[in-house]
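Data first, discussion second: the structure below is written as structure tokens.
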Amino acid sequence: MTTSLVAKMAQQYDFSEQEFRDAIFKTCMSSNISNAEFLVFVYLAKKYGLDPLNKEIYA
1 MTTSLVAKMA QQYDFSEQEF RDAIFKTCMS SNISNAEFLV FVYLAKKYGL
51 DPLNKEIYA
């Protein structure tokens with residue numbers, strides 16, 4: 001069984017996947033971001049070691 005990238009990022013904050021999505025959408029992103037754009041955002045945050053909840057990356 002594989003764990004999604006979003007789930008892995010959520011685990012770093014002790015959030016559920018949905019809690020993580022909600023937190024990111026409400027604090028780091030504009031409301032008109034697609035799911036694909038969200039996934040790229042999470043990918044880039046992980047790749048570069050950026051903390052979206054600490055506003056090191058935003059969209």
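Numbering-wise, the sequence shown is residues 1 to 59 according to this note's numbering.
Virtual Cβ for every residue (Gly too), placed ideally from N, Cα, C.
This one's a predicted model, so the numbers in the text were calculated from it and none came from an experiment.
So, are the CB atoms of residue i and residue j less than 9 Å apart?
i          : j          : result
residue 53 : residue 23 : yes
residue 28 : residue 59 : yes
residue 33 : residue 25 : yes
residue 48 : residue 5  : no
residue 41 : residue 57 : yes
Residue i by DSSP, collapsed to three states: which one?
i          : result
residue 15 : coil
residue 9  : helix
residue 39 : helix
residue 57 : coil
residue 27 : helix
residue 22 : helix
Apply the 10 Å Cβ neighbour rule to residue i and answer buried if 16 or more other Cβ atoms are within range, or exposed otherwise.
i          : result
residue 36 : exposed
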